[in-house]
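Chemist:
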Amino acid sequence: MNKRQQKKRLKKALDVLNDFEIFDSDIDGDGVIYILVDNNKTNQTKLDRFCGLMQINKRIFIKDCTDDVDEEYIDLVSIWFHCPEPKGYAIYYGYKSGFVLKAWNEEDN
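For the sequence shown, numbering that gives the first Met the number 0 begins at 0 and goes up steadily by one.
1) Which stretch, first to last residue, makes up the alpha helix (DSSP H) that contains residue 61?
2) Give every residue of the same chain whose Cβ lies closer than 6 Å to the Cβ of residue 92, excluding the five residues on either side of it in the sequence, and list them in chain order.
3) For the beta strand (DSSP E) holding residue 98, just list the boundary residues, first then last.
4) Residue 51: which of 15, 6, 0, 80 sits nearest, CA to CA?
5) Less than 8 Å between the CB atoms is what I'm expecting for residue 75 and residue 61, so what's the real figure, rounded?
Below, the structure written as structure tokens:
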């Protein structure tokens, strides 16, 4: 799969994540601490779509998203461990913008 196709697929997957109603999240200077959503049937269906788009194992992803939180929540911060980013791009999360894919230059950081 070429870089353009990777970006397109990842943007579709991030759109699915942006459909979630975020219960709570925390960001500090070093990055995202947690992004909690309710663990319910609707959100499980959205996770199915996300995992299908990203071709990742849903069972492993759900386990990672629920390991360190109460059973009524899913922590979406695990996406950074499961989603390969196209070279030169990074996934960012912001309170207002949600999940976005932005160009990233290692020399700038």
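Glycine is no exception: its CB is placed at the ideal position from the N, C-alpha and C atoms.
These numbers come from a predicted model, not from an experiment.
Modeler: Looking at the coordinates:
1) From DSSP, the alpha helix (DSSP H) with residue 61 extends over 57 to 65.
2) Residues 31, 98 of the same chain have their beta carbon placed closer than 6 Å to that of residue 92, with the five preceding and five following residues left out of the count.
3) 97 to 102
4) Closest option to residue 51, Cα to Cα, is 15.
5) At roughly 11 Å, the Cβ-Cβ gap does not stay under 8 Å, so residue 75 and residue 61 are not in contact.
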